[in-house]
Each structure stands twice: as C-alpha cells, then as structure tokens.
Amino acid sequence: MIRSIGRALLAPALLCAQIAGAEAVYDSQAHAFRVVTLARGLDHPWGLAFLPDGRFLVTERPGRLRLIGPEGTLDPQPIDGVPPVAAYGQGGLLDVALHPRFAENRLVYLSYSARGDGGIGTEVARGRLNGHRLENVEVIFRQTPKSGGGRHFGSRLVFDQQGHLYVTLGDRGEMERAQRLDDLAGKIVRLTEDGRVPQDNPFVGRSGARPEIYSLGNRNVQGAALHPRTGELWTHEHGPQGGDEVNVIRAGVNYGWPVITYGVEYGIGTRIGEGTHKPGMAQPLHYWVPSIAPSGMAFYIGDKFPRWREDVFVGALKDQSLVRLRLQGERVVEEERLLKGGLGRIRDVRTGPDGYLYVLTDARNGILARLEPAGR
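Using numbering that gives the first Met the number 0, read the sequence shown as starting at 0 and increasing by one per residue.
In structure tokens form, the structure reads like this:
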C-alpha cells in the first residue's frame, strides 16, 4: 500500500506545457503528449462509451444521452428513450456501458438516479440503440431502499469477462448503511446481463442479506475498471475529508466504510469510526490524503503510449488533474499527476479502441478530449 499526502510525496509531474498551434504539449515522466479537444458544449458529461463505428456515446448528468461523431461533431439531437432521471444534487444520468456483444444485439446500459417509494436511488436500465432512439427499454435493477438527499449515488457499470455486470452504489450520505447486508447502499452489486442474481454471488442464501451484494463497506465508488491481465475489478472511491481509496474488489470482502477510513469529518477534522485498521476489513491498495475526489478509471491498454502500458489512470475532480499510477502486481509504486489545472474537473477517463486516452470534464460547458503522442 502506498499513501499519498499532498504533493510532497508525488513523483514530479513535469507539467511544462508549451503551445503548439492551439494545443498544449505536456512533458510527462514517460511521454510527451498533447490534448486535442474533440467536442465542447456538453452539460456536465459523466460517462463515455465507444461505438463500433467510431462514434461516442456520452451521458449528461441532467438526463441526456448524446452522440458525438468520430471527428468530434456533437449531434444536436439527444437520443430518445432514456428513462426518467432525477437530476438532483450529485444524481442524474450517470454511466453508460455497451453489452459485450453490442455489435450483435445493440444493447446499451445506463445507470441513473430515479425517484420511487421513499425518495431517490440508483437504477440501471437497458435498451436497444436504433438510430437516435433506445427501444424496448427495461429497468433491470433498482437500489433499495430509496432515500432523501442528493449525495453518493455511485455509479459505474462494468462487465467482466464472464458477462456479469457490476454496479457501484454509494452510501447515499447515510454512512451506517454501507455495513448493512439488508441494504444496497454503500455496496457493489453483481448481476447477470438481464439483472438476475448470479447463484455464485457471495451472499446468496444467507438470511437477512441481499443476494445482489458482491462487496460492502464502499462509500461512493465513481471509478471502476477490469485489470487487463487478471480480469479482476479494480475501483476507487471517494473518502470523506481525505481517505480516497483504490481497491481490488473480491467476493464478499468488507472494505471498511465507515468503521475504518483514512479520512476525517468534514470541517471539524474529527476521527470517523474506529481508526484505520480492523481485522476482517480490507486495507486499500493506495489512498490519498488530502482528497483528490477521484472519478473515472481506466487501465491503459493501447499502443500509442507504450511506456504507459497497464498503468492506471484516474480522473480527479477536486485536484483537477489526471492521475497516473504505475503498478507492480497489486502495489502502486509510482504516482504522477498530469494536466494539473489544465482542463478542470476530470469526470471520466477511458482507453479508446484506437489506443488513445479520452477524458470528459465536469462542467456546464464540458468537453470530450483526447490525449495523443506529441512526437518528440
């Protein structure tokens, strides 16, 4: 486990930006790169998916699903058929994922906050993309119980190599719910592609436990990605005031929130829970004090930046940077912060099928941008 405290322990970012035409060129520890803005005018974009024909699907938190052409043209017509979204507080239309056999079935999955009995909660729906419309839309998952408040909805969607769907769920600002097995808040759930419960989920058949649960003690996971070699699910989650975490998610493991954390109460700085360690609760692989407010996560698996191969990239909202983590097995051995203040709040990061890195910025006039080698 590596701890990050401020900038003093960081590997130097070397963010010496130069202007090449209208594009800034950045010198990182391993590669010089430029940032190319593909599309502007996105309203708080949240999630990104790559269509086989080179177009992009982007969610906007107020509730719109947008199409962007391969060269960055934003289609003015949002996609119809998106389920009703409760765009409240941190909630709204959140992640988007394609079915692993999208080329055959055209299925698109969306996570979003929705109203229901008791308040608001995260839901997942899927529909078949046909032109500018989602058809045959069905809700396949509802977080329950629903509750008031506008905080901590999660939510990332990841398919594993067996076709299971992982959905990350926040604690909804009610921290004690993360430890309750009869409550889906503060959990990661694992489903089949149509929302059923896999029979090998860790709590299937346990009295008083929700069978959807795969892990518990997760505060608010807004970044998740499969390791390219092991196939395991890696995540990061927001801590309170400090204590953002990187974890490998394994069946039935308790990740500790709010019993253990490296963060403290907002403003007053008092301890939360019982400390930083407790038997039976997992330690993070990496954590940040102070918080960077991580969002979006990707392993780099392309060929455009060979010295970044299998590094983890994390967007940072508060820190307004793109964080690169170099791994040795399950140890973080190096950290570098890129684009510090250059783009603003980075909400999502993905490796594209073309080998470039793509980022979304969280703003009323948000952008889709691409990182390309600078060639020097």
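Yeah, the Cβ is synthetic: ideal placement off N, Cα and C, and Gly gets one too.
| Query | Result |
| --- | --- |
| Does residue 265 pass the burial test, meaning 16 or more other C-beta atoms within 10 Å, or should it be called exposed? | exposed |
| Since residue 55 and residue 367 are thought to touch, with beta carbons under 8 Å apart, how far apart are those beta carbons, to the nearest angstrom? | 7 Å |
| Taking the alpha-carbon positions, what's the residue 179 to residue 305 distance? | 44 Å |
| Would you check if the region 170-178 and the region 200-212 touch, i.e. whether three or more CB-CB distances between them fall below 8 Å? | no |
| May I have the straight-line CA-CA distance separating residue 24 from residue 181, to the nearest angstrom? | 51 Å |
| Look at the alpha carbon of residue 68 and the alpha carbon of residue 248, and state the distance between them as a whole number of angstroms. | 35 Å |
| Does the Cβ of residue 332 have 16 or more other Cβ atoms within 10 Å, making it buried, or fewer, making it exposed? | exposed |
| Could I get the ranges of all uninterrupted beta strand (DSSP E) runs contained in the region 70-134, with 3 residues as the minimum, in chain order? | 92-97, 106-115 and 118-129 |
| Helix or strand or just coil, what does DSSP make of residue 361? | coil |
| In terms of residues, what are the limits of the beta strand (DSSP E) holding residue 236? | 232-236 |
| Which residue comes first and which comes last in the beta strand (DSSP E) that contains residue 45? | 44-49 |
| Classify residue 283 as buried or exposed, calling it buried when 16 or more other Cβ atoms lie within 10 Å of its own Cβ. | buried |
| Please determine, among 52, 71, 28 and 215, the residue with the shortest C-alpha to C-alpha distance to residue 369. | 71 |
| Let me make sure I understand the geometry here. Which of 347, 359 and 338 has the alpha-carbon closest to that of residue 32? | 338 |
| May I have the straight-line CA-CA distance separating residue 154 from residue 257, to the nearest angstrom? | 19 Å |
| Pull up the distance between the alpha-carbon of residue 26 and that of residue 34, whole angstroms please. | 12 Å |
| The beta strand (DSSP E) that contains residue 152, what's its start and end? | That residue, residue 152, is in no beta strand (DSSP E); it is neither H nor E in DSSP. |
| Just to confirm, are residue 390 and residue 136 a CB contact at a threshold of 7 Å? | In this structure the chain extends from 0 to 375, so residue 390 is not present and cannot be described. |
| Take residue 378 as the anchor and find which of 194, 301, 297 and 346 has the nearest alpha-carbon. | The shown model of the chain, from 0 to 375, leaves out residue 378, and the question about it has no answer. |
| Count the other CB atoms, across all protein chains shown, that sit within 10 Å of the CB of residue 90; report buried if there are 16 or more and exposed otherwise. | buried |
| I need the straight-line Cα distance from residue 321 to residue 206, nearest angstrom please. | 43 Å |
| Ordered along the chain, which non-local residues of its own chain (more than five positions away) have a Cβ less than 6 Å from that of residue 219? | 151, 169, 236 and 237 |
| Along the chain, where does the beta strand (DSSP E) containing residue 65 start, and where does it finish? | 63-67 |
| Where DSSP assigns a beta bridge to residue 315, which residues make up the other side? | 293 and 320 |
| Quick check on the DSSP output: the beta strand (DSSP E) that includes residue 30 runs from which residue to which? | First-last for residue 30: undefined, no H or E at that position. |
| Alpha carbons only, please: which of 354, 312 and 88 is nearest the one belonging to residue 121? | 88 |
| Based on Cα-Cα distance, which residue from 93, 110, 115 and 252 lies nearest to residue 59? | 93 |
| Could you tell me the distance, in whole angstroms, from the CA atom of residue 374 to the CA atom of residue 303? | 11 Å |
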